[in-house]
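Here is the structure we will look at.
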Amino acid sequence: MNDKNDFLASAGVNTRLSHIGNSPSDFHGFVNPPVVHASTVLFPNAKTMENRAQKYTYGTRGTPTTDALCEAIDALEGSAGTVLVPSGLAAVAVPFLAFLSAGDHALIVDSVYFPTRHFCDTMLKRLGVTIEYYDPMVGAGIESLIKSNTKLVHTEAPGSNTFEMQDISAISAVAHRHGCVVTMDNTWATPLYFKPMDHGVDISIHAATKYPSRSFRYSNGHGLCQCGPLGTIAGCAWGSWPLRCAR
Ligand SMILES: Cc1ncc(COP(=O)(O)O)c(C=O)c1O
């Protein structure tokens, strides 16, 4: 652990927010990482290109700017890796599409953000996934709803507009016993008030159009972000997530 990490480990949240995801000494002392606008990246020679043997290979695969945001989210969430996608709804849809196939069953909390429900009732249904909505207060009782083909349990607490608080630890424990992935839309609480990974959640999802775009110093600070790399974030701590994972 370096000095900065040692110092931040015991720092308060406001201090951590000011320091995570940036390394001024890498950028001549400028406090925030510069915004890298790029698609094409040059390689020093053909062999390096063939082997993809350098950190950045194409703009949409990541830049120092998107890495800085991912690093900050990981520090807040305690996640192993973060994937940025263009909107909050995309951040919900990507893990659903990654883990669900035709013939699978998914349990979705009934107090879910409405466009997530719409995605389930239209796209997932058309793809052959069976969706069942469960009572947000179900807790460990979710066990009675799990079938042999249940692959994913989606949570959201507080729930959109009705604000039920779910027993995430109890739900995660039962879901894992049955081999299900647990996802959580953590947009409302933010990792400042709830850390899903500490309660057994595999993938924490955010609409970065909300708290991060209003509060993070990397962003425009006015809640106006809608697209681009600041769209949305999915942090993850589950071994089979195809990107960066081992926690
Ligand atoms: C709980 C929750 N999840 C997801 C989203 C979707 O975010 P976006 O508008 O970026 O698609 C929202 C947006 O209001 C939300 O409130």
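As numbered in this note's numbering, residues 479 to 725 make up the sequence shown, in order.
We treat Cβ as the ideally placed atom computed from N, Cα and C, and that holds for glycine.
In the DSSP assignment, S647 falls within the alpha helix (DSSP H) that extends over 646 to 655. Uninterrupted beta strand (DSSP E) stretches at least 3 residues long and entirely within the segment 562 to 593 occur at 583 to 587, given in chain order. If you check the CB distance, V561 and G537 do not come in under 9 Å. Counting only residues of its own chain and dropping the five nearest sequence neighbours on each side, S622 has no CB closer than 8 Å to any other CB. In this structure, F577 sits away from V652, with a CB-CB distance that is not shorter than 9 Å. Within the same chain, Cβ atoms closer than 7 Å to the Cβ of P511 are found at N500, F505, P542, T543, A546, the five residues on either side in sequence being excluded. Counting along the chain, the unbroken alpha helix (DSSP H) around M527 starts and ends at 524 to 528. No Cβ-Cβ contact shorter than 9 Å links L630 with Y612.
Counted as a single uninterrupted DSSP element, the stretch harbouring T544 is not any beta strand (DSSP E) but the alpha helix (DSSP H) occupying residues 542 to 555.
Each of T633, E642, A685, W666 was checked against the Cα of S650, and the nearest Cα belongs to T633. Annotation for E634 indicates a beta carbon within 8 Å of some heavy atom of ligand 1. Contact between V519 and T535 holds, with the beta-carbon distance rounding to 6 Å and staying under 8 Å.
When distances are taken from the beta-carbon of L567 to the heavy atoms of ligand 1, the shortest one is below 8 Å. Counting other Cβ atoms within 10 Å of its Cβ, M662 reaches 16 or more and is therefore classed as buried.
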